[in-house]
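Protein chains in written order, with our numbering: chain P, 593 to 708; chain Y, 119 to 231. Only one structure is covered here, and it is reproduced in the block below.
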Amino acid sequence: GAVVSQHPSWVICKSGTSVKIECRSLDFQATTMFWYRQFPKQSLMLMATSNEGSKATYEQGVEKDKFLINHASLTLSTLTVTSAHPEDSSFYICRGVTSGRNNEQFFGPGTRLTVL
Amino acid sequence: AQSVTQLGSHVSVSEGALVLLRCNYSSSVPPYLFWYVQYPNQGLQLLLKYTSAATLVKGINGFEAEFKKSETSFHLTKPSAHMSDAAEYFCAVSVSGNTPLVFGKGTRLSVIA
């Protein structure tokens, strides 16, 4: 099956710093990328939807100026958590969808962010 | 709007016993339904999906689920639990293959030796 990678797989940072998470589709073109976050012992919540070359659409309650999403190519989307705070500590997961392969969708392995 | 309800946040079964994880959905259009498994500190692995074809869907690791429109259900079953099945299971719904997934709250499955 298709593969989506995320980098880094885990990151620890100080409060106030920015962290960039990369999501790459390795063998397909992801026309749409969804970003989810999962707090400990909770379910996945959609943060935003991005289409290649367009601005991301954010879910209600998600600050677009804090969570910057860039989907500049069909194989790479990035999520930057700006001025991270401890409450941003979470598991961030991307999901790529291709217009081919019957709109199949593939999750990345996730990035564990811990803000001290 | 779509939603998913997973009955039981924690299910415990004996090794070799039947596994039944319940999922009910709400959707104004014919749904796409999914079951995912998540092991600790890992991402999601697709177990199976329903996309309007056969109502009985067979997945990986011996799991299967049956779509019942009249009951708006998509329960996950496995005839005989293995220790390796212990994990968190999520049911999810979407309106198509390229729209956001709406997840249930998850059910933690424990398998007792």
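Positions of the beta carbon are idealized from the N, C-alpha and C atoms, including for glycine.
Partner residues on chain P for Lys196/Y, Cβ-Cβ distance less than 7 Å: Listed along chain P is no residue with a C-beta nearer than 7 Å to that of Lys196/Y; the closest approach is about 21 Å.
Sub-8 Å separation of Leu151/Y and Lys167/Y beta-carbons: Here Leu151/Y is near Lys167/Y, since their CB atoms are less than 8 Å apart.
Neighbourhood of Thr649/P by C-beta distance below 8 Å, restricted to the same chain and skipping five residues each side: Excluding five sequence positions before and after Thr649/P, the CB atoms of its chain that fall closer than 8 Å to its own CB belong to Ala640, Thr641, Ser642, given in chain order.
Status (buried if at least 16 other CB within 10 Å, exposed otherwise) for Leu138/Y: Leu138/Y counts as exposed, since fewer than 16 other beta carbons sit within 10 angstroms of its beta carbon.
Span separating the alpha-carbon of Lys633/P from that of Val122/Y: Using only the alpha carbons, I get a separation of about 17 Å.
In DSSP terms, what Gly688/P is bridged to: Answer is Met625/P, Phe698/P.
Secondary structure of Asn179/Y, DSSP reduced to three states: Three-state result, Asn179/Y: helix.
Sequence-distant residues of its chain with Cβ nearer than 6 Å to Gly688/P (five each side left out): Counting only residues of its own chain and dropping the five nearest sequence neighbours on each side, Gly688/P has a CB closer than 6 Å to the CB of Val596, Ser617, Ala622, Met625, Phe698.
Beta carbon proximity, Asn142/Y to chain P, threshold 8 Å: Output row for Asn142/Y: interface = no.
Neighbour flag for Pro701/P against chain Y, beta carbons, 8 Å: Interface residue, yes.
Member of Asn216/Y, Val211/Y, Ser132/Y whose CA lies at the smallest distance from the CA of Ser228/Y: That would be Ser132/Y, whose Cα lies nearest to the Cα of Ser228/Y.
Beta-carbon neighbours of Asn179/Y, restricted to chain P and to distances below 7 Å: Correct list: empty, because the minimum Cβ distance to chain P is about 15 Å.
Exposed unless 16 or more other CB atoms sit within 10 angstroms - verdict on Lys196/Y: Under this definition Lys196/Y is a buried residue.
Contact check, Ala205/Y vs Leu219/Y, beta carbons under 8 Å: No, these two residues do not count as a Cβ contact at 8 Å.
DSSP-derived helix/strand/coil call for Glu184/Y: Looking at Glu184/Y - three-state DSSP - the assignment turns out to be strand.
Whole-angstrom distance between Asn159/Y and Ser681/P, CA atom to CA atom: Roughly 14 Å separates the two Cα atoms.
CA nearest to the CA of Asn191/Y, picked from Ser144/Y, Gly215/Y, Ala172/Y, Thr169/Y: A small correction: the amino acid at residue 191/Y is Ser; Asn does not occupy that position in the sequence shown. Of Ser144/Y, Gly215/Y, Ala172/Y, Thr169/Y, the smallest CA-CA separation from Ser191/Y is found for Ser144/Y.
DSSP three-state assignment for Glu679/P, whether helix, strand or coil: It is helical.
Residues of its chain near Val707/P, where Cβ-Cβ distance is below 7 Å and the 5 sequence neighbours each way are ignored: In its chain, beyond the 5 residues on either side, Cys605, Ser607, Ala676, His677, Pro678, Asp680, Ser681 have a beta carbon closer than 7 Å to the beta carbon of Val707/P.
Ranges of the beta strand (DSSP E) found wholly within the region 130-174 of chain Y, counting only runs of at least 3: List check, beta strand (DSSP E) in window: 137-144, 150-156, 162-168.
Leu162/Y, buried or exposed, once every other Cβ within 10 Å from all chains shown has been counted against 16: Counting other Cβ atoms within 10 Å of its Cβ, Leu162/Y reaches 16 or more and is therefore classed as buried.
Bridge partner(s) assigned by DSSP for Asn662/P: Per DSSP, the beta bridge partners of Asn662/P are Thr670/P.
Closer than 8 Å to chain P by CB, Lys176/Y: At a cut-off of 8 Å, the C-beta of Lys176/Y has no neighbouring C-beta in chain P.
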